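A.B. asks: According to the working numbering, the sequence shown is numbered sequentially starting from 79.
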Amino acid sequence: QGAKLTAWELQNENVPYAIIPDNAGAHLMSKGKIDIMITGADRIARNGDTANKIGTLEKAIAAKYYGIPFYIAAPRSTFDINCKSGKEIIIEERHPDEVLYQIGINKQNRSEKLLISAPGSKAINPAFDVTPAELITGIITEKGIIKPTEDDIIKLFSQ
């Protein structure tokens, strides 16, 4: 999604960016190669806690450690003011096979599900995680940038 949609949107707005591998964030932060982090959101609670694709929390923790501003970019439709905090957000658990197997081509040139882990391995596959509001610098909305606080979120909906 980031390599296609987000990159396209940033290009259209002439915002400088670079696409990086999912797990390169903390390393690049430690080397001073990242000066801001912006991610999307699937759901934002009334207190500013934010659910997004798995791995977002890790990036927010690394950004906080290295003093890098961490922003969420999301339209108002992403906010759920009936959800008090991230503790109320149910995290989808996807099928373990998404982690344990890949689809590949066999010797007969047919698509085949291939085990890529040790036989008998178990997998845990959460689709999302929740980033606490205190790790978020601000939330970029179509109405401007707000703080990830209940007061600012309520004000956003009174405009």
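Ideal Cβ placement from N, Cα and C applies to all residues, glycine included.
Just so we're clear, the structure is a prediction, and the values are computed from it rather than from any experiment.
1) Which ranges would you report for the alpha helix (DSSP H) in the region 152-235 if only whole runs of at least 4 residues count?
2) Could you pull the start and end residues of the beta strand (DSSP E) that I122 belongs to?
3) Tell me where the beta strand (DSSP E) around T128 begins and ends.
4) Just the Cα atoms here: how many angstroms apart are L83 and D100?
5) Is the beta carbon of I217 sitting closer than 9 Å to the one on P210?
6) Determine the burial state of A141: buried for a count of at least 16 other Cβ atoms within 10 Å of its Cβ, exposed for fewer.
C.D. replies: This is what the structure gives:
1) 175-178, 228-234
2) 121-123
3) Looking at the DSSP string, the run of the beta strand (DSSP E) that includes T128 is 128-131.
4) 16 Å
5) Their beta carbons are not under 9 Å apart, which means I217 does not touch P210 by this criterion.
6) Buried.
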